[in-house]
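Novice: Line by line, the protein sequences are chains X and G. For the first sequence, the working numbering assigns the number 1 to the initial residue and increments by one for each residue that follows. For the second sequence, the working numbering assigns the number 1 to the initial residue and increments by one for each residue that follows. Ideal Cβ placement from N, Cα and C applies to all residues, glycine included. The model shown is predicted, which means the values in this text are computed figures rather than measured ones.
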Amino acid sequence: MSKYPEYSHEKGREYFERALKVIPAGIYGHLGPSEGLWIPINKWPYYSVKAQGSYFWDADGNKYIDYMCAYGPNVLGYNDPDVDAAAKAQLEKGNCTTAPSTVMVECAENLVDTVASADWAFFCKNGSDTTTLAVMSARAHTHKRKIIFLKGYYHGDFQWAQKIDYPGILPEDVCHNLVAPWFDIPALDRLYEENDGDIAGLIAQPYDHGNFKDNEVATKEYWTAVRKWCDEHGVVLIFDDVRTGFRLDLKGSDHYYGIKADLICFCKALANGYNMSALCGGEHMKSTVSGMTYTGSYWMSAVPFAACIACIDKMKKLDTPTLFRKMGTQLTDGLKAAAANNGFDLVVSGEPALFYLRIANDDSLMLHQEWIAECVSRGLFLASHHNHFINASLTQEDIKTSVDIAEDAFNVVRKRHS
Amino acid sequence: MTDAKTMAYINMFAVLGTLENLCELDGKAKEIISGLKKPVNLAFEVKDGPVATFKFSAQGCVLEEGLKNYDIKIPVSSCEKFNRIIDGTVTPVPTIGLSKINFLLKTFTALTDRLTELMRPTEEAMKDEEFFVLSTRLTFYTIAVALSQIANHDEIGRHSASYIVDGDISFGIKGCDTATISANNHHLRTVKKAPENPRAIMSFADYKLASDLFNGKVNALEELCKGTVEIHGMASMIDNMNRLLDRVALYLA
Numbered sequence: 001m002s003k004y005p006e007y008s009h010e011k012g013r014e015y016f017e018r019a020l021k022v023i024p025a026g027i028y029g030h031l032g033p034s035e036g037l038w039i040p041i042n043k044w045p046y047y048s049v050k051a052q053g054s055y056f057w058d059a060d061g062n063k064y065i066d067y068m069c070a071y072g073p074n075v076l077g078y079n080d081p082d083v084d085a086a087a088k089a090q091l092e093k094g095n096c097t098t099a100p101s102t103v104m105v106e107c108a109e110n111l112v113d114t115v116a117s118a119d120w121a122f123f124c125k126n127g128s129d130t131t132t133l134a135v136m137s138a139r140a141h142t143h144k145r146k147i148i149f150l151k152g153y154y155h156g157d158f159q160w161a162q163k164i165d166y167p168g169i170l171p172e173d174v175c176h177n178l179v180a181p182w183f184d185i186p187a188l189d190r191l192y193e194e195n196d197g198d199i200a201g202l203i204a205q206p207y208d209h210g211n212f213k214d215n216e217v218a219t220k221e222y223w224t225a226v227r228k229w230c231d232e233h234g235v236v237l238i239f240d241d242v243r244t245g246f247r248l249d250l251k252g253s254d255h256y257y258g259i260k261a262d263l264i265c266f267c268k269a270l271a272n273g274y275n276m277s278a279l280c281g282g283e284h285m286k287s288t289v290s291g292m293t294y295t296g297s298y299w300m301s302a303v304p305f306a307a308c309i310a311c312i313d314k315m316k317k318l319d320t321p322t323l324f325r326k327m328g329t330q331l332t333d334g335l336k337a338a339a340a341n342n343g344f345d346l347v348v349s350g351e352p353a354l355f356y357l358r359i360a361n362d363d364s365l366m367l368h369q370e371w372i373a374e375c376v377s378r379g380l381f382l383a384s385h386h387n388h389f390i391n392a393s394l395t396q397e398d399i400k401t402s403v404d405i406a407e408d409a410f411n412v413v414r415k416r417h418s
Numbered sequence: 001m002t003d004a005k006t007m008a009y010i011n012m013f014a015v016l017g018t019l020e021n022l023c024e025l026d027g028k029a030k031e032i033i034s035g036l037k038k039p040v041n042l043a044f045e046v047k048d049g050p051v052a053t054f055k056f057s058a059q060g061c062v063l064e065e066g067l068k069n070y071d072i073k074i075p076v077s078s079c080e081k082f083n084r085i086i087d088g089t090v091t092p093v094p095t096i097g098l099s100k101i102n103f104l105l106k107t108f109t110a111l112t113d114r115l116t117e118l119m120r121p122t123e124e125a126m127k128d129e130e131f132f133v134l135s136t137r138l139t140f141y142t143i144a145v146a147l148s149q150i151a152n153h154d155e156i157g158r159h160s161a162s163y164i165v166d167g168d169i170s171f172g173i174k175g176c177d178t179a180t181i182s183a184n185n186h187h188l189r190t191v192k193k194a195p196e197n198p199r200a201i202m203s204f205a206d207y208k209l210a211s212d213l214f215n216g217k218v219n220a221l222e223e224l225c226k227g228t229v230e231i232h233g234m235a236s237m238i239d240n241m242n243r244l245l246d247r248v249a250l251y252l253a
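(1) By Cβ distance below 7 Å, which residues in the same chain neighbour Pro40/X in space, the five residues on each side in sequence not counted?
(2) Excluding the 5 residues flanking Leu318/X on each side, which residues of the same chain have their C-beta closer than 7 Å to its C-beta?
(3) If you draw a straight line from the C-alpha of Lys5/G to the C-alpha of Ala307/X, how long is it?
(4) Using the beta-carbon of each residue, which ones in chain G are nearer than 8 Å to Ile148/X?
(5) Taking 9 Å as the threshold (beta carbon to beta carbon), is Lys159/G in contact with chain X?
(6) Identify whether Arg358/X lies in helix, strand or coil by the three-state DSSP scheme.
(7) What does a CB cutoff of less than 7 Å around Val412/X pick up in its chain, not counting 5 residues either side in sequence?
(8) Can you grab the Cα-Cα spacing for the pair Ile96/G / Glu222/G, in whole Å?
(9) Measuring CB to CB, does Lys93/X end up less than 9 Å from Ser101/X?
(10) Distance, Cα to Cα, Trp229/X vs Val174/X?
(11) What are the residues in the segment 221-234 of chain G lying within 9 Å of chain X by C-beta distance?
(12) For Gly156/X, which residues of its own chain have a beta-carbon under 6 Å away from its beta-carbon, when the five flanking residues on both sides are left out?
(13) Quick one: is Cys96/X buried, meaning 16 or more other Cβ sit within 10 Å of its Cβ, or exposed?
(14) Could you tell me the alpha carbon to alpha carbon distance between Asp66/X and Trp371/X, rounded to whole angstroms?
(15) Below 8 Å on the Cβ atoms is my contact criterion, and I expect Leu178/X with Pro206/X to pass it. Report the Cβ-Cβ distance as a whole number of Å.
(16) Can you list the residues of chain G that Ala25/X reaches, using a CB-CB cut of under 7 Å?
(17) Please state if the CB of Gly379/X and the CB of Ile405/X are separated by a distance shorter than 9 Å.
(18) Are Leu354/X and Thr244/X closer than 9 Å when you measure CB to CB?
(19) With a threshold of 9 Å between beta-carbons, can Gly197/X be considered close to chain G, or not?
(20) I'd like to know if Ile156/G contacts chain X, where contact means its C-beta is closer than 9 Å to some C-beta of that chain.
(21) How about Gly32/X: is its C-beta nearer than 9 Å to some C-beta of chain G?
(22) Measure from the C-beta of Asp246/G to each C-beta in chain X and report whether the shortest distance is under 9 Å.
(23) Answer yes or no: do Phe246/X and Leu263/X have a C-beta to C-beta separation smaller than 9 Å?
(24) When the distance is taken between beta carbons, is Arg137/G closer than 9 Å to Leu16/G?
(25) Can you round the beta-carbon distance between Arg247/G and Ile156/G to whole angstroms, since I take them to be within the 8 Å contact cut?
(26) Starting from the beta carbon of Pro198/G, find every residue of chain X whose beta carbon is closer than 8 Å, and list them in chain order.
(27) Please report the straight-line C-alpha distance between Gly35/G and Ala194/G, rounded to a whole angstrom.
(28) Mind listing the chain G neighbours of His385/X? Cutoff is C-beta to C-beta under 7 Å, in chain order.
(29) Does the pairing of the segment 28-44 of chain X with the segment 338-356 of chain X give three or more beta-carbon distances under 8 Å?
(30) In the DSSP assignment, find the beta strand (DSSP E) that holds Asp240/X and state where it starts and stops.
(31) What's the C-alpha gap between Ala118/X and Met300/X?
(32) Distance check for Phe103/G and Asn69/G, CA to CA, integer angstroms please.
(33) When Cβ atoms are compared, which residues of the segment 157-171 of chain X fall closer than 9 Å to chain G?
(34) Would you decide whether Thr142/G is buried or exposed? Buried here means 16 or more other CB atoms lie within 10 Å of its CB.
(35) Work out the CA separation of Cys267/X and Thr295/X for me, nearest whole Å.
(36) Please report the straight-line C-alpha distance between Ala86/X and Asp58/X, rounded to a whole angstrom.
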């Protein structure tokens with residue numbers, strides 16, 4: 001008998017059936033069944049109806065402790081009172097206006113004061129907006145064409161960031177993309193020579209957190225070498241800190257690794273769920289970015305700026321990177337022990353604030369998928385093949401309950417296979 | 001965009017290769033080959049392209065890669081010409097085995113005509129349940145083999161294959177036909193039976209769904225969301241195989 005009974009999702013499924021008629025794929029993208037890898041689909045909650053702190057509730061009233069945090073934006077806890085109060089106060093004053101609000105300036109100043117490599121901030125909405133601007137800016141700055149990516153990359157879903165075999169992508173969309181292995185400086189040399197130096201930029205996440213594989217953290221030595229290589233070859237170094245930003249280091253993940261990127265992209269944790277992103281960079285890039293033709297209808301809306309200021313101030317007050325490291329380590333130590341108690345080898349990789357999980361007992365990952373499904377259907381929301389996220393509202397009691405549900409789920413899987 | 005060489009490999013191993021399944025599953029095909037008094041080995045040798053030998057006997061058909069003890073050999077000067085032979089716009093001319101020309105004109109032609117009838121069915125014919133199931137099963141094997149050929153020869157297909165890790169993918173229609181897509185160092189090989197230890201599984205709920213997927217009436221990712229396409233295991237293998245399936249539709253349209 002399972003200690004935590006399985007949830008049922010009748011109402012959620014009803015919504016999903018309705019959605020399938022009016023929304024392509026019902027739920028498209030990373031929050032949906034295909035990219036989110038709901039295996040099997042009936043174990044997942046489909047939709048939420050409310051959220052608070054570290055939890056959300058689905059349409060059937062089931063409660064989940066959420067370690068995906070909307071895939072990152074929930075950094076302080078859903079409905080954080082301080083961030084929401086700032087947003088509401090700004091909403092009463094104005095949001096999407098012809099003349100941008102003065103809060104935009106305050107937000108940019110806050111980012112410049114916070115992020116070590118930032119001398120300016122350019123605001124957009126999504127991570128893809130910033131990575132695209134960064135790549136365009138690198139080309140405009142250097143008058144060169146090629147961009148180096150590191151293997152297993154993900155920099156959003158705009159055409160240039162997809163791969164040649166993806167639906168709707170033309171070879172011409174990605175013909176200037178070059179891919180180098182991680183942690184291999186000579187490979188950068190080879191690409192530079194093979195392309196006659198026609199390299200505008202190198203874009204990378206701070207460490208290798210590709211999916212379907214253990215995450216591999218970087219070192220200060222590696223990034224120092226990359227920084228030196230970019231300087232020597234006139235290549236713009238772009239840090240894609242969309243996923244990791246403010247979870248490793250409030251001064252930026254480039255600062256965490258002891259360097260200054262030329263351009264750094266932020267989004268997810270920037271405003272605790274209010275929709276905004278920012279490209280920041282050094283003074284030497286500001287003139288180039290000033291000349292870009294790049295804007296959007298909602299990019300200067302004031303409410304997210306107010307939320308962002310409140311969010312950054314609170315993250316500083318709480319020292320969230322230290323908190324996340326501690327809680328992530330505590331949680332994953334508990335999960336590993338729960339796995340071992342049931343004869344499973346749970347591998348934890350990546351930074352504790354963005355931990356990645358894999359059951360190593362079989363190389364097909366089917367056991368892992370079974371365990372994740374049993375966790376989710378008992379109220380512990382994890383992802384099959386994506387790094388997870390810690391948020392600041394998580395409590396000791398949440399961690400204890402999470403480990404307990406995980407152990408129950410391990411027990412279910414063990415019995416099924418014994 | 002498609003290329004002639006990949007198309008030739010698909011035509012040889014996936015399209016003509018389905019003669020193996022036709023002779024096993026179709027009563028009419030069985031009747032055609034039952035008249036063979038002695039086995040006949042028919043080889044196609046395409047310059048700068050695929051080379052294979054089809055071994056026919058009263059018991060069935062087996063395809064082997066390369067020239068293998070052939071009785072009849074049809075050399076083809078280019079992949080483009082071979083593709084035109086399969087399209088029916090060019091007549092194949094054997095250089096060796098003229099004494100067996102009767103097999104080519106009667107048995108082989110009857111088999112390929114029957115294959116065409118099943119693989120390019122009329123809407124009316126598909127209303128017959130038995131015909132529909134047989135047509136879908138044959139199409140399934142054609143597609144299963146075609147995706148490996150695309151992974152190995154098509155430029156974009158090779159890109160997809162470059163992300164497929166070693167191991168066997170179980171690719172099938174639930175409770176019915178299953179093939180193994182075996183990956184080794186990003187080279188794919190299709191075996192027309194289920195794997196013993198799959199590293200990843202992709203299965204379609206039934207023949208109707210498989211048929212609709214093969215005919216482009218529905219999308220695999222959409223069906224995955226509905227739960228009618230199931231996946232398990234190393235999802236990156238399935239993800240990239242799905243990209244190969246997109247290209248199968250392009251080649252076999």
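Specialist: According to the structure data:
(1) As a working note, residue 40/X is residue 40 in the first sequence. Hits under 7 Å: Ala373.
(2) The residue labelled residue 318/X in the question sits at position 318 within the first sequence. These residues qualify, in order along the chain: Ala392.
(3) Looking up residue 5/G in the second sequence gives position 5. Looking up residue 307/X in the first sequence gives position 307. Rounded to whole angstroms, Lys5/G to Ala307/X spans 57 Å at the Cα level.
(4) Stepping through the first sequence from its first residue, residue 148/X is reached at position 148. None at all; the shortest Cβ gap to chain G is about 17 Å.
(5) Residue 159/G sits at position 159 when you count from the first residue of the second sequence. In the sequence on display, residue 159/G carries His and not Lys. Yes, His159/G lies at the interface with chain X (some Cβ there is under 9 Å from its Cβ).
(6) The count along the first sequence starts at 1 and reaches residue 358/X at position 358. Residue state, collapsed to three classes: strand.
(7) Residue numbering aside, residue 412/X sits at position 412 when the first sequence is read from its first letter. Excluding sequence neighbours, Val412/X sits near Ser2 and Glu374.
(8) Counting from one through the second sequence, the residue named residue 96/G turns up at place 96. Counting from one through the second sequence, the residue named residue 222/G turns up at place 222. Going by the C-alpha atoms only, they are around 50 Å apart.
(9) As a first step, residue 93/X must be located in the first sequence, where it is residue number 93. As a first step, residue 101/X must be located in the first sequence, where it is residue number 101. Going by beta carbons, Lys93/X and Ser101/X fall inside the 9 Å limit.
(10) In the first sequence, the residue the question calls residue 229/X occupies position 229. In the first sequence, the residue the question calls residue 174/X occupies position 174. Near 24 Å, if we compare the C-alpha coordinates of Val174/X and Trp229/X.
(11) Leu221, Glu222, Leu224, Cys225, Lys226, Gly227, Glu230, Ile231, His232, Gly233 and Met234
(12) Numbered from its first residue, the first sequence carries residue 156/X at position 156. For Gly156/X, where only same-chain residues beyond five positions count, the Cβ hits under 6 Å are Gly127, Ser128 and Thr131.
(13) On the first sequence, residue 96/X is found 96 positions in, with the first residue counted as 1. Answer is exposed; the Cβ neighbour count stays below 16.
(14) The residue labelled residue 66/X in the question sits at position 66 within the first sequence. The residue labelled residue 371/X in the question sits at position 371 within the first sequence. Cα to Cα, the separation comes out at about 16 Å.
(15) Locating residue 178/X in the first sequence gives position 178, counting from the first residue. Locating residue 206/X in the first sequence gives position 206, counting from the first residue. Going by Cβ atoms, the distance from Leu178/X to Pro206/X rounds to 20 Å, so no, they are not a contact pair.
(16) The count along the first sequence starts at 1 and reaches residue 25/X at position 25. By Cβ distance, chain G contributes Leu221, Glu222 and Cys225.
(17) The sequence position of residue 405/X within the first sequence is 405, counting from 1. The sequence position of residue 379/X within the first sequence is 379, counting from 1. Closer than 9 Å, so yes.
(18) Here residue 354/X corresponds to residue number 354 of the first sequence, with the count starting at 1. Here residue 244/X corresponds to residue number 244 of the first sequence, with the count starting at 1. In contact: Leu354/X and Thr244/X (Cβ atoms closer than 9 Å).
(19) The residue labelled residue 197/X in the question sits at position 197 within the first sequence. Closer than 9 Å: no.
(20) Position 156 of the second sequence holds residue 156/G. Yes, because at least one Cβ of chain X sits closer than 9 Å to the Cβ of Ile156/G.
(21) For this step, residue 32/X is matched to residue 32 along the first sequence. Yes, because at least one Cβ of chain G sits closer than 9 Å to the Cβ of Gly32/X.
(22) In the second sequence, residue 246/G corresponds to position 246, counting from 1. Against chain X, the CB of Asp246/G has a partner CB under 9 Å away; the residue lies at that interface.
(23) Stepping through the first sequence from its first residue, residue 246/X is reached at position 246. Stepping through the first sequence from its first residue, residue 263/X is reached at position 263. Contact: no.
(24) Taking the second sequence and counting its residues from 1, one reaches residue 16/G at position 16. Taking the second sequence and counting its residues from 1, one reaches residue 137/G at position 137. In this structure, Arg137/G does not lie closer than 9 Å to Leu16/G by Cβ.
(25) If you number the second sequence from 1, residue 247/G lands on position 247. If you number the second sequence from 1, residue 156/G lands on position 156. So it is a contact: roughly 6 Å between Cβ atoms.
(26) Here the question's residue 198/G lines up with position 198 in the second sequence. Simply Ser364.
(27) Here residue 35/G refers to the residue found at position 35 of the second sequence. Here residue 194/G refers to the residue found at position 194 of the second sequence. Cα to Cα, Gly35/G sits roughly 31 Å from Ala194/G.
(28) Looking up residue 385/X in the first sequence gives position 385. Result: Ala235.
(29) Not touching, per the Cβ criterion.
(30) Residue mapping note: residue 240/X aligns to position 240 of the first sequence, counting from 1. Run containing Asp240/X: Val236 to Asp240, per the beta strand (DSSP E) assignment.
(31) For the purposes of this step, residue 118/X is identified with residue 118 of the first sequence, where counting begins at 1. For the purposes of this step, residue 300/X is identified with residue 300 of the first sequence, where counting begins at 1. Distance between the alpha carbons of Ala118/X and Met300/X is about 19 Å.
(32) Within the second sequence, numbered from 1, the residue matching residue 69/G stands at position 69. Within the second sequence, numbered from 1, the residue matching residue 103/G stands at position 103. Their backbone Cα atoms lie some 16 Å apart in a straight line.
(33) The residues in question are Lys163, Ile164, Asp165, Tyr166, Pro167 and Pro171.
(34) Along the second sequence, read from residue 1 onward, the residue named residue 142/G stands at position 142. Thr142/G is buried by the Cβ-count criterion.
(35) Taking the first residue of the first sequence as position 1, residue 295/X is located at position 295. Taking the first residue of the first sequence as position 1, residue 267/X is located at position 267. In a straight line, the C-alpha of Thr295/X is about 16 Å away from that of Cys267/X.
(36) Residue 86/X sits at position 86 when you count from the first residue of the first sequence. Residue 58/X sits at position 58 when you count from the first residue of the first sequence. Their Cα atoms are separated by approximately 27 Å.
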